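Per this note's numbering, residue 18 is the first one in the sequence shown, and the count goes up by one each step. Glycine residues also receive a C-beta, built at the ideal position from the N, C-alpha and C atoms. As the structure is a prediction and not an experimental result, all values here were calculated from the model. First up is the structure itself, then whatever we jot down about it.
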Amino acid sequence: MENQFDAKNLTPFGQTLILILIAILLALLSGLLINLTARFVPLVGEYSILLNYLLSFGTLYFVVQKLWKIDRLDTKKVSLDVYLLLLPALLALLFLTEALVSLIPMPKYIEELFSGMISLDLKGYLTVGIAAPILEELIFRGLILKGLLQRYQAKKAIVWSAVIFGVIHLNPWQFVPAFIIGLFIGWIYWKTLSVWPGVFIHFVNNSFSFYVGYRFQNINTSFSELLGGGGIYIFTLFIALVVGWASLKWINHYFKHNITEVQN
Numbered sequence: 018m019e020n021q022f023d024a025k026n027l028t029p030f031g032q033t034l035i036l037i038l039i040a041i042l043l044a045l046l047s048g049l050l051i052n053l054t055a056r057f058v059p060l061v062g063e064y065s066i067l068l069n070y071l072l073s074f075g076t077l078y079f080v081v082q083k084l085w086k087i088d089r090l091d092t093k094k095v096s097l098d099v100y101l102l103l104l105p106a107l108l109a110l111l112f113l114t115e116a117l118v119s120l121i122p123m124p125k126y127i128e129e130l131f132s133g134m135i136s137l138d139l140k141g142y143l144t145v146g147i148a149a150p151i152l153e154e155l156i157f158r159g160l161i162l163k164g165l166l167q168r169y170q171a172k173k174a175i176v177w178s179a180v181i182f183g184v185i186h187l188n189p190w191q192f193v194p195a196f197i198i199g200l201f202i203g204w205i206y207w208k209t210l211s212v213w214p215g216v217f218i219h220f221v222n223n224s225f226s227f228y229v230g231y232r233f234q235n236i237n238t239s240f241s242e243l244l245g246g247g248g249i250y251i252f253t254l255f256i257a258l259v260v261g262w263a264s265l266k267w268i269n270h271y272f273k274h275n276i277t278e279v280q281n
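This is the structure:
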C-alpha cells in the first residue's frame, strides 16, 4: 500500500520540528561519512565542510520533496527588471538586519565557532556563495513555501517559511537575518512564482558578506566596524532605511502593474 503521509498536512510548527530533526540527522550522518572517507582520501578532508554541506542538504532536498509531496519546482523565467529592482532593497536589508543582530550580545566562543565554520578561501565561497543559495532556495522556497502556500493564505505561509528558514540555522545571531531575508525572498517568490529571484538574492547576500569577511580576514566583521561607528554609521542606517522602504514600495508597484511581464 502506498504511503499516504504528506508533511504539508502537518501544522507549520510540526513541519518546522520534523524538518529540523531530519536536517540534524542528515548533518550527523553526512559528517560521519565524510570523516570516515577522509581517513582514506585526504582530499576529502580538505573539502570536508563543502562536501558535508552538499551531501546533507542535497539529501535533505530529496527527503523533503518526498515527504512534502512536491512534484516539481517553480522555475519560471523572470524579467531582468525584477533582478535590478531587488538590488537596492537587498543592500538596505543587509545593513538594517546586521544592526538588529548587533543588539544581541555574542559570546567570544560563538564568534570563534562561526570563524571556524567557514574558511575564507575558494572552498568556503563555494559553500557559502554557490551551494547554499541554490540548495537552500530549492528546499525552503521551492518546496517548503510552495507547500505552505497550498494550505494557507500567503501572509501566513511566507511568515512561517521565514521562521522555518531562521530556526534551521539553530542560533539567534543567524535566525534574525535569515528570518528577515526569508520574508523578503518569500514575498518575491509568491509574486514571481519562481525560485530564481530567491537564488539571486541569496547569492548576492552571501557573496557580499563573504567578500567583507575575506577583505578583512574576519567573517564576523561588522558594518559598524567598517564605518568607524558613531555618526557616520547612524547616518548610513538612516539612508538604508529610506532606500529599503522606497525600494520595497517600488518593487510592489512594479508587480502590480507588470505581473504578466514578471512571470515570462
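Identity of the residue in the options nearest residue i by Cα
| i | options | result |
| --- | --- | --- |
| Leu111 | Leu34, Glu154, Phe196, Ser73 | Phe196 |
| Leu120 | Gln191, Val229, Val216 | Gln191 |
| Ser47 | Phe57, Ser65, Leu38, Gln32 | Ser65 |
| Ile202 | Ile39, Ile268, Leu38 | Ile268 |
| Lys172 | Ile151, Leu152, Pro150, Lys208 | Lys208 |
| Gly247 | Trp262, Ala116, Ile205, Asn275 | Ala116 |
| Gln167 | Leu210, Phe252, Glu63 | Leu210 |
| Leu90 | Thr33, Met134, Ile151 | Ile151 |
| Ile87 | Ile249, Phe22, Met123, Arg56 | Phe22 |
| Gln32 | Leu162, Phe57, Thr253 | Leu162 |
| Pro124 | Lys94, Asn188, Thr144 | Asn188 |
| Asn275 | Leu254, Phe57, Val95 | Val95 |
Supposed contact pair residue j and residue i - C-beta distance, whole angstroms, cut 8 angstroms
| i | j | result |
| --- | --- | --- |
| Ala109 | Val260 | 4 angstroms |
| Lys25 | Trp85 | 5 angstroms |
| Tyr126 | Phe227 | Actually they do not touch by this definition, with Cβ atoms about 22 angstroms apart. |
| Ala148 | Leu71 | 6 angstroms |
| Gly164 | Ser224 | Not confirmed; about 28 angstroms, so no contact. |
| Ile185 | Ile37 | 6 angstroms |
| Tyr271 | Leu102 | 6 angstroms |
| Ala257 | Leu113 | 5 angstroms |
| Ile39 | Val80 | 6 angstroms |
Three-state class that DSSP yields for residue i in the structure shown
| i | result |
| --- | --- |
| Ser73 | helix |
| Val95 | strand |
| Ser211 | strand |
| Asn188 | coil |
| Ser264 | helix |
| Gln21 | coil |
| Leu90 | coil |
| Leu137 | coil |
| Ile121 | coil |
| Arg232 | helix |
| Trp204 | helix |
6 angstroms Cβ shell around residue i - same chain, five flanking residues per side excluded
| i | result |
| --- | --- |
| Leu200 | Ala179 |
| Leu43 | Ser73, Thr76, Leu77 |
| Phe182 | Phe157, Ala195, Gly199 |
| Pro29 | Trp177 |
| Ile205 | Pro214 |
Limits of the unbroken alpha helix (DSSP H) element including residue i
| i | result |
| --- | --- |
| Val180 | 171-184 |
| Gln32 | 29-55 |
| Ala149 | 149-156 |
| Val61 | 59-63 |
| Gly164 | 163-166 |
heavy atom of the ligand HEM below 6 angstroms from residue i C-beta
| i | result |
| --- | --- |
| Leu42 | By its list of ligands, the structure shown contains no ligand whatsoever, and the ligand HEM lies outside what it can speak to. |
Residues of its chain near residue i, where Cβ-Cβ distance is below 8 angstroms and the 5 sequence neighbours each way are ignored
| i | result |
| --- | --- |
| Gln82 | Leu160 |
| Lys266 | none |
| Tyr100 | Pro214, Phe217 |
| Ile35 | Ala24, Leu27, Leu84 |
Proximal residues to residue i (C-beta, below 7 angstroms), its chain only, five neighbours per side dropped
| i | result |
| --- | --- |
| Leu68 | Ile51, Val61 |
| Glu154 | Val212, Gly215, Val216, His219 |
| Glu311 | The first residue shown for the chain is 18 and the last is 281, placing residue 311 beyond what the model contains. |
| Leu107 | Ile218, Val221, Asn222 |
| Val118 | Trp190, Val193, Pro194 |
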